[in-house]
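Visitor:
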Amino acid sequence: MHTIKRTLTDLFVAELEALTGLDDVNPNVITASKPEFGDYQANGIMALAKRLGRNPRELGAELLTRLESAKCPLVARYELAGPGFINIHLSVEALRTRANIFLETPSSLIPATESPQTIVVDYSSPNLAKEMHVGHLRGTIIGDSIARVLERQGHRVIRQNHVGDWGTQFGMLITFMRESSAEADLALADLEGFYRAAKQRFDEDSEFATRARESVVKLQSGDPEYLEAWRSFIDTSLAHCQAVYDKLNVTLTMDDLKAESFYNPQLAGVVARLDAAGLLQESDGARCVFLDEFAGKDGDPLPVIIQKTDGGYLYATTDLAAVDYRCHVLNADRSLYVVDARQSLHFQQVFAVAAAAGFSDSRISLEHISYGTMMGSDGKPFKTRSGDVVKLVNLLDEAISRAYDLVSSKNPDIEEAQRQQIAQKVGIAAVKYADLSKNRTSDYLFDWSSMLSFEGNTAPYLMYAYARIASLLAKQGHNTQQKSLIPAGASMAPEEMALLLKSLQLAETIEAVAQDCFPNTLCTYLYELAGTFMRFYEACPIQSADEMTRSQRLSLCVLASEALKQGLNLLGIETLERM
Numbered sequence: 377m378h379t380i381k382r383t384l385t386d387l388f389v390a391e392l393e394a395l396t397g398l399d400d401v402n403p404n405v406i407t408a409s410k411p412e413f414g415d416y417q418a419n420g421i422m423a424l425a426k427r428l429g430r431n432p433r434e435l436g437a438e439l440l441t442r443l444e445s446a447k448c449p450l451v452a453r454y455e456l457a458g459p460g461f462i463n464i465h466l467s468v469e470a471l472r473t474r475a476n477i478f479l480e481t482p483s484s485l486i487p488a489t490e491s492p493q494t495i496v497v498d499y500s501s502p503n504l505a506k507e508m509h510v511g512h513l514r515g516t517i518i519g520d521s522i523a524r525v526l527e528r529q530g531h532r533v534i535r536q537n538h539v540g541d542w543g544t545q546f547g548m549l550i551t552f553m554r555e556s557s558a559e560a561d562l563a564l565a566d567l568e569g570f571y572r573a574a575k576q577r578f579d580e581d582s583e584f585a586t587r588a589r590e591s592v593v594k595l596q597s598g599d600p601e602y603l604e605a606w607r608s609f610i611d612t613s614l615a616h617c618q619a620v621y622d623k624l625n626v627t628l629t630m631d632d633l634k635a636e637s638f639y640n641p642q643l644a645g646v647v648a649r650l651d652a653a654g655l656l657q658e659s660d661g662a663r664c665v666f667l668d669e670f671a672g673k674d675g676d677p678l679p680v681i682i683q684k685t686d687g688g689y690l691y692a693t694t695d696l697a698a699v700d701y702r703c704h705v706l707n708a709d710r711s712l713y714v715v716d717a718r719q720s721l722h723f724q725q726v727f728a729v730a731a732a733a734g735f736s737d738s739r740i741s742l743e744h745i746s747y748g749t750m751m752g753s754d755g756k757p758f759k760t761r762s763g764d765v766v767k768l769v770n771l772l773d774e775a776i777s778r779a780y781d782l783v784s785s786k787n788p789d790i791e792e793a794q795r796q797q798i799a800q801k802v803g804i805a806a807v808k809y810a811d812l813s814k815n816r817t818s819d820y821l822f823d824w825s826s827m828l829s830f831e832g833n834t835a836p837y838l839m840y841a842y843a844r845i846a847s848l849l850a851k852q853g854h855n856t857q858q859k860s861l862i863p864a865g866a867s868m869a870p871e872e873m874a875l876l877l878k879s880l881q882l883a884e885t886i887e888a889v890a891q892d893c894f895p896n897t898l899c900t901y902l903y904e905l906a907g908t909f910m911r912f913y914e915a916c917p918i919q920s921a922d923e924m925t926r927s928q929r930l931s932l933c934v935l936a937s938e939a940l941k942q943g944l945n946l947l948g949i950e951t952l953e954r955m
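Start counting at 1 in the sequence shown, then tack on 376, and there's your number in the working numbering.
Next comes the structure, spelled out in structure tokens:
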């Protein structure tokens, strides 16, 4: 079943094409901005009239005649408003029928796509030379939510954790390990401390830095001793990462790893193919690609460095190999790179070089899903008071601890084990939702007090809304999994109609997130749904209502709870029956 918005859009497109003879019309169907404007509005008539050189209201009137003759069962009536807007009022019975289908089969609330694709989602991508820090949070949870949404629609989603396990930092660590008296297991027990000590030596000792770079070349050439030391670092780092993913309720596993080292055997071939395509030039001893569309402030072309003077490869080389693999081995239709906005130029250049050299073709859409920075209260990137980057696991532990204190203060009678369980879910959800609810392209301020609030657009508020519905249904002898249909013929109050329609709009919200990859769109929807339920709950008593009305209102509660639960799950947030 198509979403309401898709059904209306298809109807308007068909009638506009027949009316105008054009085949690229956009009726711009959106949800109505105010209840008095109906349930949906078509706002594209004016732009279309301008193209045709016609009066928009006259064109709207002609379209209205055709729409009324089409007799779409979803629509009760249309109105022509203003200079050419068309307001759409939906049929209560048609919405009731849709709702009952979803109540019978809750999984159908989000319909499967008619055009399933193979979609690679590249996200998280920590540097395995050290533990994950707060800078990895955004890419990890934004990418995971996008992957969940696409998978829920029925696409074949291939998660790719393109971890940094290959490069100068590993040459530095291996050299420091070989030259220090520290035992390997001791070093790995405190990977972060070991990294800091090695980095200090690298920065202060130029001869050590030279040996570290030479170690990278030995590692990349497959020297057994260097490979063994490298694997010890990797295994330890991966264990740290998986513990964080598990705590975050993120769907990445070891099976999703496609590290930089995976592409190492292909890098010489990348260079050879670029050379054969006539794209390689030498610049200060390095081998580079220069494309006309990328120039610096002085107008000089910007290089994409492919191979350094010492023979080592760079991120661009590996990324080109990854593009080739995703396009020609995985046969992906889309490849999404969930990486922070500071890498925008890098990906623009890589995608352009990939297209020029045949690493990608017109079948695949390469998309940089950029995001901003998490900022502290001082407006600077989030760090500890001492200026160190915050370990992600420490941030999550603090979130759980703060949530525990909050739950204990609000519900001191809850048993300890249950308090711990609630705190675990609420704390992690609060951190994730505070991030996901912001437009991903913007920087955002990290604020404990707002993210753990039970008021406003927060995870605790939404989780409480779901728990409240669950409690209400339990008191009425229902549960959130119990099938309950909306009876035909019962009158519907405005608040009931609003809750019914908002619950049914989950699917079109998911379509928007799948297309544009902005999870905050889903967060906004869920917040509005929770608010719509609260207004319904205040205006529409259940216990004192007659049997038919009571049955209808309980069914609306079940539908709203299902939409909340499924939506939160797609954000990676677990619901609770009690808070």
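Glycine included, C-beta positions come from ideal geometry on N, C-alpha and C.
Alpha carbon to alpha carbon, what distance is there between Lys814 and Leu656?
Guide: Each residue's alpha carbon lies about 41 Å from the other.
Visitor: For my contact list, Asp811 and Arg514 are in at a C-beta cut-off of 8 Å; report their separation, rounded to the angstrom.
Guide: Asp811 to Arg514, Cβ: 6 Å. Contact.
Visitor: Helix, strand or coil for Gly515? Go by DSSP, reduced to three states.
Guide: Gly515: helix per DSSP, three-state reduction.
Visitor: Would the beta-carbon of Ala775 fall within 9 Å of that of Gly803?
Guide: Yes, these two residues count as a Cβ contact at 9 Å.
Visitor: Keeping to the same chain, check which residues put their C-beta closer than 7 Å to that of Gly414; ignore five residues upstream and five downstream.
Guide: So the qualifying residues of the chain are Ala408, Glu455, Asn463, Ile464 and His465.
Visitor: Can you tell me whether Ile949 is buried or exposed, with buried defined as 16 or more other CB within 10 angstroms of its CB?
Guide: It is buried - the Cβ of Ile949 has at least 16 other Cβ atoms within 10 Å.
Visitor: Quick one: using the 10 Å Cβ neighbour count with 16 as the cut-off for buried, is Leu562 buried or exposed?
Guide: Confidence at Leu562 is low in this model, with a pLDDT of 48, below 50, so the placement of that residue is unreliable and no value is reported for it.
Visitor: DSSP state of Glu950, grouped into three classes?
Guide: Here Glu950 sits in coil by DSSP.
Visitor: Candidates Val401, Leu384 and Cys664: which alpha carbon is nearest Glu444's?
Guide: Out of Val401, Leu384 and Cys664, Leu384 has the C-alpha closest to the C-alpha of Glu444.
Visitor: Are the region 483-492 and the region 584-600 in contact at 8 Å, needing three or more beta carbon pairs?
Guide: In short, these stretches do not touch, since the Cβ pair count stays below three.
Visitor: Could you pull the DSSP bridge partners for Met750 from this structure?
Guide: Tyr820, per the DSSP bridge assignment.
Visitor: Using DSSP with H/G/I as helix, E/B as strand and the rest coil, what is Cys664?
Guide: In the structure shown, Cys664 sits in a strand (DSSP, three-state: E or B).
Visitor: So, do the region 391-404 and the region 428-445 have three or more beta carbon pairs nearer to each other than 8 Å?
Guide: Result yes; three or more Cβ-Cβ pairs closer than 8 Å.
Visitor: What are the residues that DSSP puts in a beta bridge with Arg532?
Guide: The partner list for Arg532 (beta bridge, DSSP) reads Thr494.
Visitor: Buried or exposed for Ile918, please, with buried defined as at least 16 other CB atoms from any protein chain shown within 10 angstroms of its CB.
Guide: Looking at its Cβ environment, which holds 16 or more other Cβ atoms inside 10 Å, Ile918 is buried.
Visitor: Nearest to Tyr901 by alpha carbon, out of Ala915, Cys893, Arg911 and Ile886?
Guide: Ranking Ala915, Cys893, Arg911 and Ile886 by Cα distance to Tyr901 puts Ile886 first.
Visitor: Just list the alpha helix (DSSP H) runs in the region 836-913, keeping only unbroken ones of 4 residues or longer that don't cross its boundaries, in chain order.
Guide: Complete alpha helix (DSSP H) runs here, min 4: 870-880 and 882-892.
Visitor: Can you check whether the CB of Leu696 is closer than 9 Å to the CB of Val726?
Guide: Yes, they are a contact pair.
Visitor: Nearest by alpha-carbon distance to Pro870: which of Ile522, Leu947 and Thr908 is it?
Guide: Looking at the Cα atoms, Thr908 is the closest of the given residues.
Visitor: Does the distance from the CB of Asn537 to the CB of Asp632 come in under 9 Å?
Guide: Against a cut-off of 9 Å, the Cβ pair of Asp632 and Asn537 comes out as a contact.
Visitor: For Phe552, does the three-state DSSP call read helix, strand or coil?
Guide: Helix at Phe552.
Visitor: Hey, is the region 733-746 in contact with the region 715-724, meaning 3+ C-beta pairs nearer than 8 Å?
Guide: Because the criterion of three Cβ pairs below 8 Å is met, the region 733-746 and the region 715-724 touch.
Visitor: Any idea which residues DSSP pairs Arg710 with across the strands?
Guide: Answer is Ile495 and Ser741.
Visitor: So, for Asp700: in the same chain, excluding its five sequence neighbours on each side, which residues have a beta-carbon less than 6 Å away from its beta-carbon?
Guide: The residues are Phe735.
Visitor: Name the residue from Gly688, Phe388, Arg524 and Leu940 whose alpha carbon lies nearest to the alpha carbon of Leu595.
Guide: That would be Gly688, whose Cα lies nearest to the Cα of Leu595.
Visitor: Rounded C-beta distance between Arg795 and Trp824? I'm assuming under 8 Å.
Guide: Actually they do not touch by this definition, with Cβ atoms about 19 Å apart.
Visitor: For the region 686-733, which segments carrying the alpha helix (DSSP H) assignment without a break, of at least 4 residues, lie completely within its bounds, in sequence order?
Guide: The qualifying runs are 691-704 and 720-733.
Visitor: Report yes or no: do the region 604-617 and the region 494-509 share at least 3 C-beta pairs separated by less than 8 Å?
Guide: The region 604-617 vs the region 494-509: in contact.
Visitor: Can you check which of these residues, Gly519, Arg587 and Ala708, is closest to Ile550 by C-alpha distance?
Guide: For Ile550, the nearest C-alpha among the options comes from Arg587.
Visitor: Where do the N-terminal and C-terminal ends of the beta strand (DSSP E) with Ala457 fall, by residue?
Guide: It spans Val451 to Ala457 - the beta strand (DSSP E) in which Ala457 sits, taken as one unbroken run.
Visitor: Less than 7 Å between C-beta atoms, sequence neighbours within five positions excluded: which residues of the same chain meet that for Ser931?
Guide: If we look at Ser931 and ignore the five residues flanking it on each side, its Cβ neighbours are Leu479, Ser860, Leu861 and Ile862.
Visitor: Evaluate Leu898 with the Cβ neighbour count: other Cβ atoms within 10 Å of its Cβ, from every protein chain shown; 16 or more gives buried, anything less gives exposed.
Guide: Buried.
Visitor: What's the call for Ile477, buried or exposed, on a 16-neighbour Cβ count within 10 Å?
Guide: Label assigned to Ile477: exposed.
Visitor: Could you give the DSSP three-state label for Glu488: helix, strand or coil?
Guide: Checking the sequence shown, residue 488 turns out to be Ala, not Glu. DSSP places Ala488 in coil when its eight states are reduced to three.
Visitor: Mapping the DSSP letters down to three states, classify Ala671 as helix, strand or coil.
Guide: Three-state DSSP puts Ala671 in a strand.
Visitor: Tell me which same chain residues have a C-beta within less than 8 Å of the C-beta of Met839, skipping the five on either side of it?
Guide: Only Lys801, Val802, Ala805, Leu944, Ile949, Thr951, Leu952 and Met955 meet the Cβ criterion.
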